[in-house]
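Adding 30 to a residue's 1-based position in the sequence shown gives its number in my numbering.
Even glycine gets a Cβ: it sits at the ideal position worked out from N, Cα and C.
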Amino acid sequence: MTRSMQEIIQEAYNEVPQIKPEEALDMQNNGALIIDTREINELAMTGKIKDAVHIPRGLIEFQNKETNPNGVNGFTKDKKIILYCAAGARAALAGKALKDLGFSSVYNLGGFPDWVNAGFPVEKA
């Protein structure tokens, strides 16, 4: 059965809980890993959430410690994972991919502008 891209994105939104910037900041302060799923040129233009790890959407399945022993430190199934992008769709898709790999505590922060508009810390990429 063929599905439209919008159907695939909606399924991802339905499976990955969306959280507000305040919740993400609290979770980050308590050890959650925040991952920026945007492309490097986007980070160069805007910066990223302070202490976030950059893993583009296309590499999310390959950069965690569960599928790659050389993956990003701390990117494991026992950690809370918060994803964001420019508006939320790539973060949702990345979150669904992680859930399919067995990650259970995965959240979608939405877009980088949500964090910036909340006045929370950012840094240059």
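Consult DSSP for residue i and reduce its assignment to one of helix, strand or coil.
i: G141; result: strand
i: K109; result: coil
i: D81; result: coil
i: I39; result: helix
i: I70; result: helix
What residues are listed by DSSP as bridge partners for residue i?
i: D130; result: Answer is none; D130 lacks a bridge partner.
i: V136; result: I111
i: V152; result: I79
i: Q48; result: N138
Since residue i and residue j should fall inside the 8 angstroms C-beta cutoff, what is the C-beta to C-beta distance between them, to a whole number of angstroms?
i: I65; j: A119; result: Actually they do not touch by this definition, with Cβ atoms about 15 angstroms apart.
Alpha carbon to alpha carbon, how far is residue j from residue i? Give it in angstroms, no decimals.
i: G132; j: G140; result: 21 angstroms
Is it the case that the stretch 108 to 117 contacts the stretch 32 to 41, given that we only count it when at least three CB pairs across the two stretches are under 8 angstroms?
Too few Cβ pairs lie closer than 8 angstroms, so no.
Determine, using beta-carbon pairs with one atom in the stretch 67 to 81 and one in the stretch 94 to 108, whether at least three such pairs fall under 8 angstroms.
In short, these stretches do not touch, since the Cβ pair count stays below three.
Any chance the stretch 116 to 131 sits against the stretch 40 to 53, with 3 or more Cβ pairs inside 8 angstroms?
A contact exists between the stretch 116 to 131 and the stretch 40 to 53.
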